[in-house]
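See structure below.
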Amino acid sequence: MSVISESGVSNTIVRLTSESNYVFDLELAAIDGSLHDFYTEEGQKSYVVTSTVFFKLERGKMIYKGSEVKEFIFDGKGENHMRKAEYDEANSLQTLILMDRKLSMDLSFNMNLPRNVIAITKDFDERERRKLDIGNAPWIILDNEYPRTGYIRLTDKGWVFRIETTLSYKAEYILNLLYVMSREPIPEALGYNYPLFLADKLAKLYRDRAKRALDFIAQKELTRYRTFRSLVENRRRSWSLSQ
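For the sequence shown, the UniProt record's numbering begins at 1 and goes up steadily by one.
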């Protein structure tokens, strides 16, 4: 069976078969970021956090190896800073990289794509999604452009995800690899990707904790600043009336 992609190219659906049973022995890292914009008397600032979780795939099992969190404060809005921080982290690693990003879009922002990355995202055109309501999962559709782009569904009741990759592996190999990472019996992660699920939760944990503290501090600063400005204005009015 074939499906017409966004670009009008026909791509074949690849499914798991009893013969396509790969044994994986590799290390991987899942990277995700989160941000919080806040305001001080100096203007807009942003808190950015990147989280990386490390796993080893060994004989069909995922073994958690640890995590790393990096936090930053930038001037201005945080979206571009977060994008760059995620790619800086990804390009510093030699393992297989998983990201929740659109590689083709990030190329337009001059990001350097890692040579060993698979990007998985739930967000893409709804009209395209309706064309892909295909059963008998798990399946994958993947072209041979750069970055390679396609779609994947890992359970019949699960989401269809858009994937992009810089890897040259066969579509069947990538499907098997992602299927292994989708089997953790956690409702939010089942049929998705367990390492990316953990990276997302870790980034949001740090973001939410920082948000409370930063908003409290920023509000105190703004209150002091507004009080100071009010006092200055009152002094000015008093001085003007006395002239």
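Positions of the beta carbon are idealized from the N, C-alpha and C atoms, including for glycine.
Burial state of residue i, where buried means 16 or more other Cβ atoms lie within 10 Å
i	result
valine 23	exposed
serine 92	exposed
phenylalanine 55	buried
serine 108	exposed
aspartate 75	exposed
methionine 105	exposed
valine 232	Bear in mind that the predicted position of valine 232 carries a pLDDT of just 42, short of 50, making it unreliable; the figure below should be weighed with that in mind. Exposed.
glutamate 126	exposed
asparagine 11	buried
arginine 130	exposed
aspartate 208	exposed
arginine 153	buried
asparagine 136	exposed
For residue i: DSSP bridge partner residues
i	result
alanine 119	Met99, Glu164
glycine 33	Thr50
tyrosine 39	Gln44
valine 69	Ser51
glutamate 58	Asp25, Lys61
aspartate 75	Lys45
glycine 150	Leu142, Ile163
Start and end residues, alpha helix (DSSP H) containing residue i
i	result
leucine 175	171–180
arginine 130	126–131
CB of residue i within 8 Å of CB of residue j, strictly
i	j	result
isoleucine 174	isoleucine 118	yes
leucine 198	valine 53	yes
threonine 121	arginine 162	yes
alanine 90	methionine 99	yes
alanine 30	leucine 196	yes
asparagine 112	tyrosine 151	no
valine 69	serine 46	no
Run of the beta strand (DSSP E) containing residue i, from where it starts to where it stops
i	result
isoleucine 186	That residue, isoleucine 186, is in no beta strand (DSSP E); it is neither H nor E in DSSP.
Coarse secondary structure for residue i, derived from DSSP in three states
i	result
asparagine 91	helix
tyrosine 206	helix
methionine 111	coil
alanine 199	helix
alanine 137	coil
asparagine 193	coil
arginine 235	The predicted position of arginine 235 is uncertain, since its pLDDT is 43 and thus under 50; no value can be drawn from it.
aspartate 106	helix
aspartate 156	coil
leucine 16	coil
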